[in-house]
Amino acid sequence: MTSKNNIFKNVKRLRREFPLQERIEAADTATCEAYATVLLAWLQNGSAPQQDIIPAVELEKLLAIDAVVLTDAGLGCYPFSASKTGISVKYDAHTVYAMCAIDALAIPFLAASPATIHTHCSNCEEPIVVRTDETGQVKEEIPAGAQVEYRQISVQHSACCNDLCPGITFVCPTCVANAHLKNDLMSLEEAAVVGRAFFHFQSCLDVCLA
Numbered sequence: 001m002t003s004k005n006n007i008f009k010n011v012k013r014l015r016r017e018f019p020l021q022e023r024i025e026a027a028d029t030a031t032c033e034a035y036a037t038v039l040l041a042w043l044q045n046g047s048a049p050q051q052d053i054i055p056a057v058e059l060e061k062l063l064a065i066d067a068v069v070l071t072d073a074g075l076g077c078y079p080f081s082a083s084k085t086g087i088s089v090k091y092d093a094h095t096v097y098a099m100c101a102i103d104a105l106a107i108p109f110l111a112a113s114p115a116t117i118h119t120h121c122s123n124c125e126e127p128i129v130v131r132t133d134e135t136g137q138v139k140e141e142i143p144a145g146a147q148v149e150y151r152q153i154s155v156q157h158s159a160c161c162n163d164l165c166p167g168i169t170f171v172c173p174t175c176v177a178n179a180h181l182k183n184d185l186m187s188l189e190e191a192a193v194v195g196r197a198f199f200h201f202q203s204c205l206d207v208c209l210a
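Heads up: the sequence shown is residues 1 to 210, going by the UniProt record's numbering.
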């Protein structure tokens, strides 16, 4: 069962703490095209593109608004992480890492593919497996009753992969029952809706490259 109030609250919170869509929509056309190029490379190839996939000047602009993350392995692009995060998502023939729990639940929707998420409870390390359909709807969770916890770990956000995403994690039913801040919890279904709402703008970016 999902709570509309909980979904709306967390969509607003995530957009406030990380206004990614607002930043991309405010960017110039060349920067939007560069962003779309990086994102589509992730979706199509299931691996981190290298920084030379886009012009250096556009890369600097995207880094400045925290739209991409530069690592030794290549470019991360929310919801996709170029670094291992402990949250893997398998879709089609690809296995990728997600920046956070909400991001993991958004990837099946963006990829339009059934997916399996493998991770662990952030509190006790119990394995958690989530299976979704191609629309991002949660079809199975092991163990049943796992949830997503959205904890504030920093007041200021400079690079969300470092100071926001680590606080958005999967938790097992036992740790859910022992959680002190119940308002920070979402069911997997709620978190999946939050992810789809937050990243929905990305599904329209292919028009930038038309």
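Idealized CB from N, CA, C, for every residue including glycine.
Give the C-beta separation of residue i and residue j to the nearest angstrom, bearing in mind that I take them to be a contact with Cβ-Cβ under 8 angstroms.
i    : j    : result
V69  : A144 : Not really, about 33 angstroms apart at Cβ, beyond 8 angstroms.
Y91  : A115 : 4 angstroms
A191 : A101 : 6 angstroms
A82  : T71  : 4 angstroms
K61  : T85  : 25 angstroms between Cβ atoms; not a contact.
Indicate the three-state DSSP secondary structure (helix, strand or coil) for residue i in the structure shown.
i           : result
P127        : strand
I87         : coil
C121        : coil
residue 222 : For the chain, the structure presents residues 1 to 210; residue 222 sits outside this window and is missing.
V69         : strand
S203        : helix
A112        : coil
Of all the options the options, which has the alpha carbon lying nearest to the alpha carbon of residue i?
i    : options               : result
V155 : E17, N10, K12, Q21    : E17
V11  : A177, N45, F199       : F199
F109 : K9, T169, L43         : L43
D52  : Y35, P79, E22, I128   : Y35
E149 : Q137, I142, S187, A93 : S187
A134 : A64, R196, H157       : Here residue 134 turns out to be Glu, not Ala, going by the sequence shown. It is R196.
I117 : N5, K9, T169          : T169
Buried or exposed: residue i, going by 16 or more other Cβ atoms within 10 Å of its Cβ?
i           : result
I87         : buried
E140        : exposed
residue 213 : The requested residue 213 does not occur in the structure, where the chain is confined to residues 1 to 210.
V57         : exposed
E22         : exposed
F201        : exposed
**Request:** Quick one: which unbroken beta strand (DSSP E) runs of 3-plus residues sit fully inside the stretch 125–183? Chain order, please.
**Result:** 127–132, 138–142, 147–150, 168–171, all fully within the stretch 125–183.
**Prompt:** Which parts of the stretch 19–85 are runs of the alpha helix (DSSP H), unbroken and 4 residues or longer, counting only runs that do not cross its ends?
**Reply:** Given a length threshold of 4 residues, each whole run of the alpha helix (DSSP H) inside the stretch 19–85 is given here in chain order: 20–26, 29–45, 56–64.
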